[in-house]
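For reference, the structure is listed below as structure tokens.
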Amino acid sequence: ISPFLKPFFLKTPVRVVSPLRQRRHTLPASEFRNLTPQDAISVFEIEKEAFVSVSGECPLTLDEVLNFLGLCPELSLGWFEEGQLVAFIIGSGWNKERLSQEAMTRHVPDTPTVHIHLLSVHRHCRQQGKGSILLWRYLQYLRCLPGLRRALLICEDFLLPFYLKAGFKQKGPSEISVANLRFQEMEYLLCGQAYARRNSGCYMQEEREPEPVKLIWNLRVEERQQSADIIHAVHLRKDKTCEHVRRCA
1 ISPFLKPFFL
11 KTPVRVVSPL
21 RQRRHTLPAS
31 EFRNLTPQDA
41 ISVFEIEKEA
51 FVSVSGECPL
61 TLDEVLNFLG
71 LCPELSLGWF
81 EEGQLVAFII
91 GSGWNKERLS
101 QEAMTRHVPD
111 TPTVHIHLLS
121 VHRHCRQQGK
131 GSILLWRYLQ
141 YLRCLPGLRR
151 ALLICEDFLL
161 PFYLKAGFKQ
171 KGPSEISVAN
181 LRFQEMEYLL
191 CGQAYARRNS
201 GCYMQEEREP
211 EPVKLIWNLR
221 VEERQQSADI
231 IHAVHLRKDK
241 TCEHVRRCA
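Per full-length UniProt numbering, the sequence shown starts with residue 1, numbered consecutively.
Structure representation (structure tokens):
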């Protein structure tokens, strides 16, 4: 008999479990991970709902989504809440200075440039800041991958403030067109930044030693000074004790 279909008389008695001993949910409340071909249908459903109403067609077909998730899953990132996909980014490799129409359907492996094809959020999760959070996490993730130097994407004019705030720089009009829509090409440099804080409005190069390290170093200096003072005091006390013993003798 299946353990999930036990007859009632074989089931263990129901007992109250204290909140401290209750088991956690099997699925994490929030998870970020690379996408796989098994996620393609969920990706395409979110993409279709987000883009068809605006441009009349999807940037990537289901076959193209499957292709990219099969060739370069490491250049994708999905945000899952209790196992359900709520937002995603799909990228691929590119080997030229600017994006062309060919870049829309091609992946070039072992290149220093990532082409970000899609960033989309489920309709029930929009206006919550999830897009900017996911983009920030994705860019920090790319900086950890060896050999990558920059990320490129195209966007419409009304999205320029969003990507500029995320740290992208405008490269000018793109030669790519989709359904008679015109785009701007954006670039994000992945190297040469010590840290980048989300929602700060700026991505800064930190050249000086971080303050926490300085603080720890100062504490260690103080500890060493205190230790030296204690040792010096012990020696002085020892010398005075020896002098007192000699006088008494």
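Using N, Cα and C, we set each Cβ at its ideal position, and we do this for glycine too.
{"Asked": "Whether L47 touches S120 by CB criterion (8 Å)", "Found": "The sequence as given places Glu at residue 47; Leu does not occur at that position. In this structure, S120 lies closer than 8 Å to E47 by Cβ."}
{"Asked": "C-beta contact flag for L145 and A151 at 8 Å", "Found": "no"}
{"Asked": "Between the CA atoms of G129 and D39 - distance to the nearest angstrom", "Found": "22 Å"}
{"Asked": "Neighbourhood of E209 by C-beta distance below 7 Å, restricted to the same chain and skipping five residues each side", "Found": "Unreliable placement is indicated for E209, whose pLDDT of 31 sits below 50; the coordinate value is still reported in the next sentence. Correct list: empty, nothing qualifies."}
{"Asked": "Which listed residue (F162, K171, S177) has its alpha carbon closest to that of Q127", "Found": "F162"}
{"Asked": "Backbone secondary structure at A103 - three-state DSSP", "Found": "helix"}
{"Asked": "Separation of E185 from I154, as counted between CA atoms", "Found": "4 Å"}
{"Asked": "Contacts around E31, its chain only, beta-carbon distance under 7 Å, and the 5 residues preceding and following it disregarded", "Found": "F80"}
{"Asked": "Same chain, Cβ closer than 7 Å to A29, neighbours up to 5 away in sequence not counted", "Found": "E81, E82"}
{"Asked": "Through-space distance from F183 to D157, alpha-carbon basis", "Found": "7 Å"}
{"Asked": "Contact check, L118 vs L62, beta carbons under 8 Å", "Found": "no"}
{"Asked": "Per-residue burial, A103 [other beta carbons within 10 Å of its own, 16 or more giving buried]", "Found": "buried"}
{"Asked": "For S92 and F68, the rounded distance between their alpha carbons", "Found": "7 Å"}
{"Asked": "E187 (DSSP reduced to helix, strand or coil)", "Found": "strand"}
{"Asked": "When A87, E97, P73 are compared against T36, the one with the closest alpha-carbon", "Found": "P73"}
{"Asked": "Among A179, C191, Y188, nearest to F51 - alpha-carbon criterion", "Found": "A179"}
{"Asked": "Span of the alpha helix (DSSP H) around F68", "Found": "62 to 71"}
{"Asked": "Residues of its chain near E187, where Cβ-Cβ distance is below 7 Å and the 5 sequence neighbours each way are ignored", "Found": "R150, L152, F168, K169, K171"}
{"Asked": "Closest residue to P173 among L160, K165, A166 (Cα-Cα distance)", "Found": "L160"}
{"Asked": "Proximity of V114 and L66 at Cβ, strictly below 8 Å", "Found": "no"}
{"Asked": "V86 versus R98 - alpha carbon distance", "Found": "30 Å"}
{"Asked": "E49 classed as buried or exposed, judged by whether at least 16 other C-beta atoms fall within 10 angstroms", "Found": "exposed"}
{"Asked": "First and last residue of the uninterrupted beta strand (DSSP E) at R150", "Found": "150 to 155"}
{"Asked": "Spatially closest choice to F88 from W94, L77, N95, by CA coordinates", "Found": "L77"}
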